[in-house]
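Just below is one structure, and these are the notes that go with it.
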Amino acid sequence: MTSSPSPVRLAAWSMLGVPAAASLLAGIGADLLVLDGQHGLYDDAALVAAIPGAARVPVHVRVPHNSPALIGRALDAGARGVIVPMVQSGDEAIAAARASRYPPLGERSWGPLAAYRGEPTIDPVTANEAVWCAVMVETARAVADVEAIAAAPGVDEVFVGPFDLALALGTTVGDLLADRSPGNPLDTVVAACRRAGTVAGAFAGGLAAAENLIGRGYTSVAVAVDTQVIAAAGADLISAARSLPAPASPPPAA
Ligand code: 3PY
Ligand code: MG
646 MTSSPSPVRL AAWSMLGVPA AASLLAGIGA DLLVLDGQHG LYDDAALVAA
696 IPGAARVPVH VRVPHNSPAL IGRALDAGAR GVIVPMVQSG DEAIAAARAS
746 RYPPLGERSW GPLAAYRGEP TIDPVTANEA VWCAVMVETA RAVADVEAIA
796 AAPGVDEVFV GPFDLALALG TTVGDLLADR SPGNPLDTVV AACRRAGTVA
846 GAFAGGLAAA ENLIGRGYTS VAVAVDTQVI AAAGADLISA ARSLPAPASP
896 PPAA
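Take 646 as the starting number for the sequence shown in the numbering used here and just add one per residue.
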């Protein structure tokens, strides 16, 4: 695994749903790769196809919702962790954590797909120790119960979705990030995580938001998103190429 120079864990984030995108993003120096099955194009088949070629960094999957079946399938496909969206309460956080682990710590059902690929399976005790369960706080209700969510047994990380959180609070991501007043929910989450000994993570999607979130104390930040990276880098290149010196008149025909 490529290590980052700071204690902050930096994630690459893939929306595109194809193995090539996942494999490319696994090589950009991030500490882990997230495949997005909620708003991205990773369905079940795409996860099974993409994970093996991207596994030189830990691959986590954002599942579409808090469902034991979906969490189990993502882990069966080889994900090392899950990000579970729209978790509203301590009880829902406990359910997500238990869906991520085999008995006696949870209710995950046995059946890793590694066996179908002829790869060794990881025994249940080791799998329980290695798995990472991040639950997303992105509603007002979740912020109100964040102490219980952060302290839920088996929850490794509370991961903020600033876009949904801003929507829920009737504001914009820009205003939420710019707001430095006491009681900003972004700071409430960090404080609850510190008290519980849980990692505070957030989706940034760009450098300015990452700087803001890291400054607030987030230690796990998703910063490079394939769709945005392609669009932004491509637009910069096209724009720069348009200003290259060109002959005043078209070259003569051959
Ligand atoms: C959010 O900001 O709501 C997210 O879920 C980021 O992907
Ligand atoms: Mg969201």
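Where a beta carbon is used, it is the ideal one built from N, C-alpha and C, also for glycine.
A distance criterion of 8 Å places the beta-carbon of P730 in contact range of the ligand MG, judged by its closest non-hydrogen atom. Boundaries around E792 are those of the alpha helix (DSSP H), V791 to A795, since no beta strand (DSSP E) includes it. Annotation: the continuous alpha helix (DSSP H) that includes I883 extends over D871 to R887. A direct Cα-Cα distance of roughly 23 Å separates F848 from P713. Under the criterion of beta carbons closer than 8 Å, I716 and V727 qualify as touching, at roughly 5 Å.
Chain order is used for the residues whose beta-carbon lies nearer than 5 Å to a heavy atom of the ligand MG, namely E783, G806 and D809.
Not a single heavy atom of the ligand 3PY lies less than 8 Å from the C-beta of D689. For P697, the closest alpha carbon among the candidates A738, D721 and Q683 is that of D721. Inclusion of G850 in the 8 Å shell around the ligand 3PY follows from its C-beta lying nearer than that to a non-hydrogen atom of the ligand. Boundaries cannot be given for R746, as no beta strand (DSSP E) includes it and DSSP labels it neither H nor E. P765 sits exposed, since fewer than 16 C-beta atoms from the chains shown fall within 10 Å of its C-beta. With respect to the C-alpha of D809, the residue from P652, T816 and E783 having the closest C-alpha is E783.
Sequence-distant Cβ neighbours of P730 in its own chain, meaning closer than 6 Å and more than five residues away, are Q683 and M781.
Taking a contact to require three or more Cβ pairs closer than 8 Å, the region 820-839 and the region 795-808 qualify as touching. The shortest C-alpha to C-alpha distance from D768 to any of W755, W777 and Y761 is the one to W755. Here the C-alpha atom of I673 lies approximately 31 Å from the C-alpha atom of V770.
In the structure shown, the three-state DSSP call for A657 is strand. Looking from the CA of A811, the closest CA among A787, L670 and E802 belongs to A787. As the crow flies, the alpha-carbon of S659 is around 10 Å from that of A867.
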